[in-house]
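Reading through the structure tokens given below for one structure.
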Amino acid sequence: MPSNSIRLAQQHLAAASDELATASETELLSVLTLCENLARRVEALSTAAIATLDDQGAFLTRGYRSTARALADLLHVDHLDARRRTTVAGDVHARTTLDGTPLPARLPATAAAFADGDIALRHVEVIGRVLATDAASRLAPEQWASVETQLPADATRLNPSELQTLGTALVALLDQDGAEPDSTPAPVNELRLTRHASGGSIKGRFEDPALYDAIAAAIDAKSAPLTADDDRPAAQRQAEALADVCGYVLDHGDLPDTGGRRPVLTVLVRLEDLEHRARSAMLEFGGTLTPAALRTLACDAGVIPVVMNGAGQPLDIGRATRTIPDGLRRAVTARDRGCAHPGCDRPPSWSEIHHIHHWEHGGPTALNNLVMLCRAHHRQIHHTDWAVRIRDGLPEFVPPKWIDPHRTPRRKILAHLAAA
Numbered sequence: 025m026p027s028n029s030i031r032l033a034q035q036h037l038a039a040a041s042d043e044l045a046t047a048s049e050t051e052l053l054s055v056l057t058l059c060e061n062l063a064r065r066v067e068a069l070s071t072a073a074i075a076t077l078d079d080q081g082a083f084l085t086r087g088y089r090s091t092a093r094a095l096a097d098l099l100h101v102d103h104l105d106a107r108r109r110t111t112v113a114g115d116v117h118a119r120t121t122l123d124g125t126p127l128p129a130r131l132p133a134t135a136a137a138f139a140d141g142d143i144a145l146r147h148v149e150v151i152g153r154v155l156a157t158d159a160a161s162r163l164a165p166e167q168w169a170s171v172e173t174q175l176p177a178d179a180t181r182l183n184p185s186e187l188q189t190l191g192t193a194l195v196a197l198l199d200q201d202g203a204e205p206d207s208t209p210a211p212v213n214e215l216r217l218t219r220h221a222s223g224g225s226i227k228g229r230f231e232d233p234a235l236y237d238a239i240a241a242a243i244d245a246k247s248a249p250l251t252a253d254d255d256r257p258a259a260q261r262q263a264e265a266l267a268d269v270c271g272y273v274l275d276h277g278d279l280p281d282t283g284g285r286r287p288v289l290t291v292l293v294r295l296e297d298l299e300h301r302a303r304s305a306m307l308e309f310g311g312t313l314t315p316a317a318l319r320t321l322a323c324d325a326g327v328i329p330v331v332m333n334g335a336g337q338p339l340d341i342g343r344a345t346r347t348i349p350d351g352l353r354r355a356v357t358a359r360d361r362g363c364a365h366p367g368c369d370r371p372p373s374w375s376e377i378h379h380i381h382h383w384e385h386g387g388p389t390a391l392n393n394l395v396m397l398c399r400a401h402h403r404q405i406h407h408t409d410w411a412v413r414i415r416d417g418l419p420e421f422v423p424p425k426w427i428d429p430h431r432t433p434r435r436k437i438l439a440h441l442a443a444a
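In my numbering, the protein residues as written are 25 to 444.
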């Protein structure tokens, strides 16, 4: 139940709203100023809640690796807006370390002005961005603190764009020496692939700009955010884009006989566990998969079962089989037209097939148990409380209860069905 003070505030707000109909022009202008101040205070309160929830790991415990993605789903806002709120929350609110040590706000003067309603969230975002530049990092601590004190005061009379211009110029003026000259890179083109127990690492360097440009162009084309709420860091999106490009070439490209296929799983099954399905798997180049990664990849891959005895000796090696037959893949593609998650526009060629009832638990490879998902949403289904089901012949997605207490299903708008 709301407290007495909250109920009283609600009553005053309702009364003020009723009086607006008879307010004078001067009074209405005052209302606008008052509402803006209140809105800014509410923004400060909201970001404080975000900072506290993030500090407590509230979103991590619900399967979200990113606070911004969780906010986008919870509040029905664009990813850009969610990321803006998350960034501001981290800049103007105190935090605690894992051992309980309190950490002051990164921007204390800005935090005070924001809490008083003197500046807006967009002002805070600009100040944080200006003071996170390389030029600002080269300032002496006392210079940096001076700029952080001055900019909130300037923000009370400037809009965010003007503040950006002023802040950038101020930092550049104080950073008179500028950045150190870049060193000349070694004249080399090389790419090193190193296998690890669970995956591997790739490290490369290209002196030839044409070679680098070809690689960069392909990755850039496929590393853009998938949807408005795709908050994967740029490095993660680029890494997955490279894997997507290579997977696409394996599926569609003209390669030697060793290529032209999706990943092949060598599934190791202990004889006594044969009736309980697979618990581990190996890839030809990528090492051993975790159970979670196995469930994701096994949705749409080639599988070779290997039955082992207690001494680790292979008793039987089966044939490679396709988890999703090509004809069934075409049927799923015709129905879903790409990733089926609402708001996602990834095409079929960049999507995977997911077993709604997991393949490893006996889920049938049938149209009413399959849905097409891009890599990001495939991971979301396997690792969070989102659920997907087929209803009336079409996939629909059920959000977690903490996002929507009623768990109202969401369905992608398909142009050809909407027109019909």
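For each residue, glycine too, the CB sits at the ideal point set by N, CA and C.
>> For residue 30 and residue 262, what's the separation of their Cα atoms in angstroms?
In response: 47 Å
>> Our contact map puts residue 398 next to residue 375 with C-beta atoms below 8 Å; I'd like the distance itself, whole angstroms only.
In response: 5 Å
> What is the DSSP secondary structure of residue 127, counted as helix, strand or coil?
Replying inline: strand
>> Report the CB separation of residue 419 from residue 431 in whole angstroms; it is logged as a contact under 8 Å.
In response: Actually they do not touch by this definition, with Cβ atoms about 16 Å apart.
> Start and end of the alpha helix (DSSP H) containing residue 239?
Replying inline: 233-246
>> Just list the residues that DSSP pairs residue 379 with in beta bridges.
In response: 394
> Going by alpha carbons, who is nearest to residue 228 out of 52, 217, 234 and 238?
Replying inline: 217
> Around the C-beta of residue 281, are 16 or more other C-beta atoms found within 10 angstroms, so that it is buried, or is it exposed?
Replying inline: Low local confidence applies: a pLDDT of 46 at residue 281 is under 50, so the model's placement there is unreliable, with the coordinate-based value given in what follows. So residue 281 ends up on the exposed side.
>> Tell me which residues share the same chain as residue 98 and place their Cβ nearer than 6 Å to its Cβ, disregarding the 5 neighbours each side in the sequence.
In response: 427
> residue 411 bridges to which residues according to DSSP?
Replying inline: 422
> Do you know whose CA, among 386, 351 and 250, lies nearest residue 365's CA?
Replying inline: 250
> Are the CB atoms of residue 349 and residue 362 nearer to each other than 8 Å?
Replying inline: no
>> With distance defined between alpha-carbon atoms, name the residue in 223, 405 and 191 nearest to residue 378.
In response: 405
>> Between 158, 270 and 258, which has its C-alpha nearest residue 242's C-alpha?
In response: 270
>> Rounded to whole angstroms, what is the Cα-Cα separation between residue 68 and residue 235?
In response: 48 Å
> Is the CB-CB distance between residue 407 and residue 87 below 8 Å?
Replying inline: yes
> The alpha helix (DSSP H) spanning residue 74 covers which residue range?
Replying inline: 49-79
>> Given a cut-off of 8 Å on the beta-carbon distance, is the pair residue 134 and residue 154 in contact?
In response: no
>> Between 158, 225 and 268, which has its C-alpha nearest residue 244's C-alpha?
In response: 268
> Is the beta carbon of residue 110 sitting closer than 8 Å to the one on residue 143?
Replying inline: no
>> Going by beta-carbon coordinates alone, are residue 166 and residue 131 separated by less than 8 Å?
In response: no
> Which residues share a DSSP beta bridge with residue 220?
Replying inline: 223
> To the nearest angstrom, how far is it from the Cα of residue 272 to the Cα of residue 232?
Replying inline: 25 Å
>> If you measure between the beta carbons of residue 128 and residue 120, is that distance less than 8 Å?
In response: no
>> At the level of alpha carbons, what is the spacing between residue 421 and residue 49?
In response: 49 Å
>> Less than 8 Å between the beta carbons of residue 490 and residue 412, yes or no?
In response: No answer is possible for residue 490: the residues shown for the chain start at 25 and end at 444.
>> Do residue 76 and residue 116 have their beta-carbon atoms positioned less than 8 Å apart in this structure?
In response: no
>> My output table needs one value for residue 215: the three-state DSSP class, helix, strand or coil.
In response: strand
> Which word fits residue 296, buried or exposed, when buried means at least 16 other C-beta atoms lie within 10 angstroms of its C-beta?
Replying inline: At residue 296 the pLDDT is 48, less than 50, meaning the model places this residue with poor confidence and gives no usable figure here.
> Where do the ends of the alpha helix (DSSP H) carrying residue 164 lie?
Replying inline: Here residue 164 belongs to no alpha helix (DSSP H), and DSSP marks it neither H nor E.
> In chain order, what residues of the same chain have a beta carbon less than 7 Å from the beta carbon of residue 22, not counting five sequence neighbours either side?
Replying inline: What the structure shows of the chain is the stretch from 25 to 444, and residue 22 is not part of that stretch, so it cannot be assessed.
> Is residue 36 buried or exposed, if buried means 16 or more other CB atoms sit within 10 Å of its CB?
Replying inline: exposed
>> Just to confirm, is the Cβ distance from residue 65 to residue 152 under 8 Å?
In response: no
> Rounded C-beta distance between residue 198 and residue 190? I'm assuming under 8 Å.
Replying inline: So it is not a contact: roughly 13 Å between Cβ atoms.
> How close, in whole Å, do the beta carbons of residue 145 and residue 112 come, if the pair is a contact with beta carbons under 8 Å?
Replying inline: 6 Å
> Should residue 91 go down as buried or exposed, given a rule of 16 or more other Cβ atoms within 10 Å for buried?
Replying inline: buried
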